[in-house]
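What follows is one structure encoded as structure tokens, with my remarks underneath.
Below, the structure written as structure tokens:
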């Protein structure tokens with residue numbers, strides 16, 4: 083029950099870092115502003131590393147939920163896109179580190195855009211769980 087309450091409190095930090103990181107990095111690259119692009123890279127990497135405690139807390143919080151039948155589709159979508167987010171940003175970071183060619187740069191920015199899409203989809207499903215189904219309060223074990 084503790085983790086189900088904690089997850090919504092800490093999830094917004096990596097979401098903000100990843101979102102701002104992708105936007106700053108793409109904007110900085112398009113405008114040839116290295117300071118903005120560097121800030122974006124920093125935010126993206128810090129946001130990536132912050133995903134893992136949030137995933138762990140979210141998974142532990144999910145284990146405390148009962149009566150998940152009515153919102154199982156939204157919960158599975160939330161989980162699917164959460165793990166896709168982590169995987170996509172992992173790919174982006176590996177590509178940026180080891181593939182520094184122009185083609186690697188294109189793949190990197192495509193991975194960033196895909197990662198941002200995954201973050202937004204994860205947030206959509208999480209928002210539906212909170213606002214449509216009143217989680218975590220409505221599904222706590224008594």
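Numbering (the numbering used here), first residue to last: 83 to 224.
Positions of the beta carbon are idealized from the N, C-alpha and C atoms, including for glycine.
Practice item. Run the CB neighbour count on residue 107, radius 10 Å, all protein chains shown included, and call it buried at 16 or more, exposed below. Key: Here the question's residue 107 lines up with position 25 in the chain shown. So residue 107 counts as buried.
Practice item. Could you tell me whether the segment 137–150 touches the segment 106–124, using the rule of 3 or more Cβ pairs below 8 Å? Key: No: fewer than three Cβ pairs fall under 8 Å.
Review point. Where residue 222 and residue 150 are concerned, what is the direct C-alpha to C-alpha distance, given to the nearest angstrom?
Key: Here residue 222 corresponds to residue number 140 of the chain shown, with the count starting at 1. Here residue 150 corresponds to residue number 68 of the chain shown, with the count starting at 1. Below a pLDDT of 50, predicted positions are generally treated as unreliable, and residue 222, at 49, falls in that range; no measurement from the model is reported.
Point to revise | Burial state of residue 209 (16 or more Cβ within 10 Å) | key: For the purposes of this step, residue 209 is taken as residue 127 along the chain shown, with counting starting at 1. Taking every protein chain shown into account, the CB of residue 209 has fewer than 16 other CB atoms within 10 angstroms, so this residue is exposed.
Exercise for review: Could you pull out every residue in the same chain whose Cβ sits closer than 8 Å to the Cβ of residue 88, ignoring the five residues on either side in sequence?
Suggested key: By one-based count along the chain shown, residue 88 stands at place 6. Around residue 88: 139, 143.
Point to revise | CB contact flag (residue 129, residue 103, <8 Å) | key: Translated into positions along the chain shown, residue 129 becomes position 47. Translated into positions along the chain shown, residue 103 becomes position 21. Residue 103 is positioned such that its CB atom lies closer than 8 Å to that of residue 129.
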